[in-house]
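Residue numbers (numbering that gives the first Met the number 0): 0 to 170.
For every residue, glycine included, the Cβ atom is placed at its ideal position computed from N, Cα and C.
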Amino acid sequence: MTMILTNIIVMQATPRSILFVCLGNICRSPAAENTLRHLATERGCADQLVIDSAGTINYHKGKGPDPRMCETLETRGIPTQGSARQVIASDFEKFDLILAADHSNLDDLRRHPGAKGHELKIQLICDYCTDSSAQEVPDPYYGGQEGFEKVADLLEDACRGILDNVVLTDQ
Ligand code: 4NP
């Protein structure tokens, strides 16, 4: 299957497993994981997907998502779960799509020892946005509430794009 979606080309079987990646795995990528799971549950297709998240650093290993991120999502009716972990080499084999929050995360993923041979599946989360023209999900960690709202808005846009244009194309 070959499909063209804005500026990316996906050439593989329809993705069924998706890993979201940010720096710490406590704000953006767990928010993406929980948003996609929530939207997929609403559409009745959550059981067809493997959805996970990870960080490029190990600093927050074992921690749950940041309380500010949880509160922002929970206000939107999205429950949060998860425990931070670092990306490992086997993730590149296991997942069909590996989506980075920003260009720095993308560069780190491309340089990871496990990435060789899996370059096409490493993309940006915002490649799947259809409303926003943003290229990155900005790091909200050192900022205020508006940063967390922006993250939640972008992730909802991207996750709808994933479900609309990629995950369900052959069903
Ligand atoms: P995340 O946000 O990458 O979206 O999880 C951050 C979390 C922690 C740090 C930076 C960004 N930190 O510097 O510890």
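Bridge pairing for Phe147: absent [DSSP]. Bridge partners of Ser16 according to DSSP: Val49. Placement of the Cβ of His37 at a distance of 7 Å or more from every heavy atom of ligand 1 is found. With distances taken between CA atoms, Asn104 lies nearest to Cys125 out of Ser89, Ala157 and Cys125. Closest in alpha carbon position to Cys69, among Gln144, Ala157, Asp163 and Val165, is Gln144. Secondary structure at Leu35: helix, using DSSP grouped into helix, strand and coil. Among the bridge pairs identified by DSSP, Ala99 is matched with Val20 and Leu123. Closer than 7 Å to some heavy atom of ligand 1: that describes the Cβ of Ala100. Judged by beta-carbon spacing, Val136 lies within the 8 Å limit of Arg27, meaning their Cβ atoms are closer than that value. Setting aside the 5 residues that flank it on each side, Asp152 is surrounded in the same chain by Ser131, each with a C-beta closer than 8 Å to its C-beta; the list follows chain order. Boundaries of the alpha helix (DSSP H) harbouring Phe91: Asp90 to Lys93, taken from the DSSP string.
Ile97 is not a Cβ neighbour of Ile77, given a cutoff of 8 Å.
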